[in-house]
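Undergrad:
Numbering (the numbering used here), first residue to last: 19 to 233.
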């Protein structure tokens, strides 16, 4: 089984890196694991003209697309800042999850095809907001948006969410053993998740872009 782990923290040496390290260590020995560190990648995080004009992928985004296309299970880790992912992660999504690669709208109705179907996902989200406050005060907004409007929108299902909070005031150190156990359980159960047959549209997307059509 092929895993793709994505570290979405703009700074190194943070909790997200440690969580992904433990996820890697907890996978079965025969797992094929690739890892992307967004802060080390070179790409323009701004989708300059939306979908009106194709914006060529940089080599690092080309590699990311190949790894996403090949993976069976995606693991992405990032902190929640101002109720959302860091700008670096948002820019990565904007540039990479394009029409005809990640999704495709129908011409005659309001629905769409999920072109990354057949893959599952784990999202590891760190935050200072306590879990009860995330639910009661904010309606689990970041979880709902990522599940319905990002991961499942493109076909990643099941999409599981693991919230590690609060991080501040030394709580991360106090909860380390508990959180590592949670990570280990997620890693060890990922292979048994039920997925649909895996779709792949990367080659078709590249042909589409090569023709110079609007994407």
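No residue lacks a Cβ here, since even glycine has one placed at the ideal position from N, Cα and C. Treat the numbers as computed from the prediction; the structure is a model and nothing was measured.
Any idea what DSSP makes of residue 69, helix, strand or coil?
TA: Three-state result, residue 69: coil.
Undergrad: Can a CB atom of chain D be found closer than 9 angstroms to the CB of residue 20?
TA: No chain D appears in this structure, which consists of one protein chain only.
Undergrad: Can you give me the Cβ contacts of residue 107 inside the same chain, cut-off strictly under 7 angstroms, excluding the 5 residues immediately before and after it?
TA: Closer than 7 angstroms at Cβ, skipping near neighbours: 26, 56, 96.
Undergrad: Return helix, strand or coil for residue 205, following the three-state DSSP convention.
TA: In this structure, residue 205 counts as helix in the three-state DSSP scheme.
Undergrad: What does a CB cutoff of less than 8 angstroms around residue 216 pick up in its chain, not counting 5 residues either side in sequence?
TA: The residues are 90, 135, 136, 137.
Undergrad: From this set, 128, 179, 77, which residue's C-alpha is nearest residue 149's C-alpha?
TA: Minimum Cα distance to residue 149 is reached at 179.
Undergrad: Can you have a look at residue 41 and say buried or exposed, based on whether 16 or more other CB atoms are within 10 angstroms of its CB?
TA: It counts as buried.
Undergrad: Three-state secondary structure (DSSP) at residue 40?
TA: Helix.
Undergrad: Taking only three categories from DSSP, how would you classify residue 210?
TA: Looking at residue 210 - three-state DSSP - the assignment turns out to be helix.
Undergrad: Quick check: residue 131 and residue 218, are their CB atoms within less than 9 angstroms of each other?
TA: Not closer than 9 angstroms, so no.
Undergrad: Output the distance between the C-alpha atoms of residue 46 and residue 192, rounded to the nearest integer angstrom.
TA: Spanning the two alpha carbons is a distance of roughly 27 angstroms.
Undergrad: Put residue 185 into one of helix, strand or coil per three-state DSSP.
TA: Residue 185: coil per DSSP, three-state reduction.
Undergrad: For residue 112, I'd like the list of residues in its chain whose CB is within less than 6 angstroms of its CB, leaving aside the five on either flank, ordered along the chain.
TA: If we look at residue 112 and ignore the five residues flanking it on each side, its Cβ neighbours are 65.
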